[in-house]
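Contents: one structure, followed by commentary.
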Amino acid sequence: MFARIVVHHTKPVLSRFSLLSLSSPFISIRNMSRQVISTKNAPAALGPYSQAIVSNGMVFVSGQIPINPATGEIEAQDIAGQTEQVLKNLEAVLDASGSSIANVVKTTCFLDDINEWPAMNEVYAKVFHTAPPARSAFEVGKLPKSAKVEIEAIAKLNDSN
Numbered sequence: 000m001f002a003r004i005v006v007h008h009t010k011p012v013l014s015r016f017s018l019l020s021l022s023s024p025f026i027s028i029r030n031m032s033r034q035v036i037s038t039k040n041a042p043a044a045l046g047p048y049s050q051a052i053v054s055n056g057m058v059f060v061s062g063q064i065p066i067n068p069a070t071g072e073i074e075a076q077d078i079a080g081q082t083e084q085v086l087k088n089l090e091a092v093l094d095a096s097g098s099s100i101a102n103v104v105k106t107t108c109f110l111d112d113i114n115e116w117p118a119m120n121e122v123y124a125k126v127f128h129t130a131p132p133a134r135s136a137f138e139v140g141k142l143p144k145s146a147k148v149e150i151e152a153i154a155k156l157n158d159s160n
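Numbering (numbering that gives the first Met the number 0), first residue to last: 0 to 160.
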């Protein structure tokens, strides 16, 4: 036998909690600083988002697609070539942020065809060959500009920052 529990809220959920008062020994929302990162060495954002945000010693890089920043176009047609360009773009944003590929702790890869994962993975492994970051990979219906691959990343800042 199963019981159904129904909870009715008389106030919006967010009004019951103040995000500004959240804190713990590990995180303090109130004291988080935030720096917007923008570089001409990677494609400009295609919408209302930043290439990356630096906050509390970490870099949060928006998904990079295989646009060549010099031409504004996707030049490679195959997944390997597109992955190479995506990783160059990712590296450019990380460099502008005061980080590097070596400091990446997590990536998320989006592919328009998961069957191309082995070819993408071969290029990815050349860049992340030593102590690769945690990673998730997903097939998605369609990517911006009909790209075959998009990769976002989280990294720590270089130790000198």
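Ideal Cβ positions, reconstructed from N, Cα and C, are used throughout, including at glycine. Source: prediction; values computed, not measured.
Length of the line joining the Cα atoms of residue i and residue j
i	j	result
N67	C108	18 Å
S135	K155	18 Å
I52	D158	17 Å
K125	I150	15 Å
S145	G97	30 Å
Q63	V104	16 Å
M119	L93	20 Å
Exposure label - residue i; buried when at least 16 CB within 10 Å
i	result
E90	buried
P117	exposed
Q50	buried
P143	exposed
P42	buried
L45	exposed
V85	buried
Contact set for residue i: own chain, Cβ-Cβ below 7 Å, skip 5 residues either direction
i	result
E72	I66
K87	none
G140	none
Secondary structure of residue i, DSSP reduced to three states
i	result
N67	strand
V103	strand
G62	strand
V139	coil
S159	coil
V121	Here the sequence assigns Glu to residue 121, which means Val is not the residue at that position. Reduced to three states, the DSSP call for E121 is helix.
L110	strand
Q50	coil
Q84	helix
V79	It should be noted that the sequence gives Ala, not Val, for residue 79. Helix, per DSSP.
E90	helix
Beta-carbon contacts of residue i that lie in its chain and below 6 Å, excluding the five residues immediately before and after
i	result
Q81	P65, A75, K147 and V148
Close-in-space but distant-in-sequence residues of the same chain around residue i (CB under 8 Å, 5 per side omitted)
i	result
E121	A79
Neighbour flag for residue i against chain C, beta carbons, 7 Å
i	result
G140	Reference to chain C is not applicable here, since this structure consists of a single protein chain.
* Check whether the region 56 to 66 touches the region 111 to 129, counting contact only when three or more Cβ pairs, one atom from each stretch, lie closer than 8 Å. => No contact exists between the region 56 to 66 and the region 111 to 129.
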